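Peer 1:
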Amino acid sequence: MGRIFKCAQRLKVIRPSKAVEKIKNTKRTIFAGILFIFLLTGCFGEDYDVGVPAAHLQVGLQSLQTQLTEANVSWRSSSGEVDETIDNIEEFALEQNEIRVSPNQKASLEFKENEENGGDIWTDPTITASLWKNGKQTNINLKDNREFHFPTSEGNYVLEINFIDSANKAQYIGNIIIDKTSQQTEVTGGKLPKFTFMAMPTIKKINSDGLLFDNSYDEVCWNNCSDDSTYKYSEIHSGDVELGDKLLIEWSEMEPHPTEIYFHQINTDNYNAIEKGEIDTNTASLEIEVGEENSNAQYAIEFLWKEGNEIVGKSMLNFRFE
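In terms of our numbering, the sequence shown is residues 7 to 328.
1. Does the segment 233-251 come close enough to the segment 79-93 to have 3 or more Cβ pairs within less than 8 angstroms?
2. Between THR129 and chain C, is the shortest Cβ-Cβ distance under 8 angstroms, so that the two count as touching?
3. May I ask which residues mark the beginning and end of the beta strand (DSSP E) holding PHE269?
4. Have a look at ASN221 and GLU281 and give me their C-alpha separation to the nearest angstrom.
5. So PHE309 and ILE255 are supposed to be a Cβ contact under 8 angstroms. How far apart are they, rounded?
6. For the beta strand (DSSP E) that contains ILE294, what are its first and last residues?
7. Exposed or buried, SER321, counting other C-beta atoms within 10 Å across all chains shown (16 or more means buried)?
8. Name the DSSP bridge partner or partners of LEU254?
9. Among SER136, MET260, GLN71, PHE201, whose alpha-carbon lies nearest the alpha-carbon of SER108?
10. Using CA atoms only, rank isn't needed, just tell me which of THR274, PHE219, ASP215 is closest to THR208.
11. Could you give the residue range of the beta strand (DSSP E) that holds GLU166?
12. Excluding the 5 residues preceding and the 5 following ILE317 in the sequence, name in chain order all residues of the same chain whose CB lies nearer than 8 angstroms to its CB.
13. Locate the beta strand (DSSP E) running through ILE105, then write down its first and last residues.
14. State the DSSP-derived secondary structure class of ALA99, mapped to helix, strand or coil.
15. Alpha carbon to alpha carbon, how far is ASN324 from TYR305?
16. As a quick exercise: from PRO199, ASN168, ASN151, GLY161, pick the residue whose alpha carbon is nearest that of LYS77.
17. Assuming PHE154 and ALA135 make a contact with CB atoms under 8 angstroms, what is their CB distance in whole Å?
18. Give the secondary structure of ASN300 by DSSP, where H, G and I count as helix, E and B as strand, and everything else as coil.
19. Our contact map puts LEU253 next to ILE294 with C-beta atoms below 8 angstroms; I'd like the distance itself, whole angstroms only.
20. Where does LYS112 fall in DSSP's three states?
21. When you compare only the Cα positions, how much space is there between PHE327 and THR265?
22. Between ASN174 and the ligand MG, is the CB less than 7 angstroms from at least one heavy atom?
23. Nearest-angstrom Cα distance between LYS211 and SER291?
24. Nearest by alpha-carbon distance to ASP224: which of ASN181, MET206, ARG82 is it?
25. To the nearest angstrom, how far is it from the Cα of THR287 to the Cα of THR158?
26. So the candidates are ASP215, SER80, SER258; which of them puts its Cα closest to the Cα of GLY57?
27. Under DSSP, the beta strand (DSSP E) around ARG82 begins and ends at which residues?
28. Just verifying my parser: in three-state terms, what is the DSSP assignment at LYS186?
29. What is the rounded straight-line gap between the Cα of PHE98 and the Cα of ASN300?
30. When we look at the beta-carbon of TYR355 and count the other beta-carbons within 10 Å, is it buried (16 or more) or exposed?
31. Classify GLY66: buried if its beta carbon has 16 or more other beta carbons within 10 angstroms, exposed otherwise.
32. Would you give the residue range spanned by the beta strand (DSSP E) that ILE146 belongs to?
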């Protein structure tokens, strides 16, 4: 009986000891789990809480990008704090290296990880762009892929880019020179890109839900033009119009921008040009209203790319009303 009692006592002592050990093991497991979560959270914080990005400007077909200069910055992250203040961004920008572009030049923005901080992930930032000239600010319309076009007017501008991510703000500037001599043909060794790579002009009836108006667009000569590179007009399919309709012809996507543009009216009896007028190359569109005098007329718009006095490329957009 005594031996049985002693065994029972021994069992009573052993059972609580195992329970305590299990509790200790459980605590260790919970602690390890919490520690792992904290470490994992730290990793996420390092990826998502990043420093000031570097802003780059891509101009046209150039393979190299230009890094824009930081101006006013207020940024807090795991990489540290950055506070920069520039009182006059126009004055500051004009002290930077010049970035030369051509009128209506296509460009795009790219934001990259700054090598001095870690990660390149930002939470749906708000990005705006504008140009300054003589104290006047003009907003730039950025596409979803951050592409835009510079204006057609020549001159010295200050490009301002604002990048806002949560409570963080970064401003970038660039010293922009818009000049016809900066045409993309200089970058490609005096030659135009292949004709099939060039954007085509478009012609649409205004308020037609973006539907293209019937037209033909032809290459006349390209990178091997000569003085006898003439164009023979021909009969084309007419587009339906009514009196009062308005058509919008645009060539803003053409890159490089044409050097000269001419508007031709075509005689539909012998298909010769009967009128020719020059279009201001500072514009990138033309609006035509259908009236009694042109309700059954055929037109052509001639695009020329020149290097000095030499024609490098020529194309023709044709359309007819009926």
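We put the CB at the ideal spot given by N, CA and C, even for glycine.
Please read these numbers as outputs of a predicted model, since none were measured by experiment.
Peer 2: This is what the structure holds:
1. Short answer: they don't touch.
2. Looking at the structure shown, chain C is missing, and only one protein chain is on hand.
3. Secondary structure note for PHE269: its beta strand (DSSP E) is the uninterrupted segment 266-273.
4. Annotation: ASN221 to GLU281 spans about 19 angstroms, alpha carbon to alpha carbon.
5. So it is not a contact: roughly 11 angstroms between Cβ atoms.
6. Secondary structure note for ILE294: its beta strand (DSSP E) is the uninterrupted segment 291-295.
7. Counting the other Cβ atoms within 10 Å of the Cβ of SER321 gives 16 or more, which makes it buried.
8. The bridge partners DSSP lists for LEU254 are LYS210, GLU293.
9. That would be MET260, whose Cα lies nearest to the Cα of SER108.
10. Each of THR274, PHE219, ASP215 was checked against the Cα of THR208, and the nearest Cα belongs to PHE219.
11. That run of the beta strand (DSSP E) goes 161-171.
12. Around ILE317, the same chain offers CYS227, CYS231, SER235, LEU310, TRP311 as residues with beta carbons nearer than 8 angstroms, after the five sequence neighbours per side are excluded.
13. From DSSP, the beta strand (DSSP E) with ILE105 extends over 104-107.
14. Three-state result, ALA99: helix.
15. When the Cα atoms are used, ASN324 and TYR305 turn out to be separated by approximately 6 angstroms.
16. Here residue 77 is Ala; the residue named in the question, Lys, does not match the sequence. Measuring C-alpha to C-alpha distances from ALA77 to each of PRO199, ASN168, ASN151, GLY161 identifies ASN168 as the nearest.
17. Yes, PHE154 and ALA135 are in contact; Cβ-Cβ is about 6 angstroms, under 8 angstroms.
18. ASN300: helix per DSSP, three-state reduction.
19. 5 angstroms between Cβ atoms; contact.
20. In the structure shown, LYS112 sits in a strand (DSSP, three-state: E or B).
21. If I take the Cα positions, the gap works out to 27 angstroms.
22. No copy of the ligand MG occurs in the structure displayed, which carries no ligand at all.
23. Linking LYS211 to SER291 through their CA atoms gives a straight-line distance of about 13 angstroms.
24. Here the closest residue by C-alpha is MET206.
25. C-alpha separation (whole angstroms): 8 angstroms.
26. It is SER80.
27. According to the DSSP assignment, ARG82 belongs to the beta strand (DSSP E) that extends over 75-83.
28. In the three-state reduction of the DSSP assignment, LYS186 falls in the helix class, which pools H, G and I.
29. Straight across, the Cα-Cα distance linking PHE98 with ASN300 is about 53 angstroms.
30. The structure shown does not extend to residue 355, since the chain is modelled only from 7 through 328, so no value can be given for it.
31. Buried: at least 16 other Cβ atoms inside 10 Å.
32. Counting along the chain, the beta strand (DSSP E) containing ILE146 begins and ends at 142-146.
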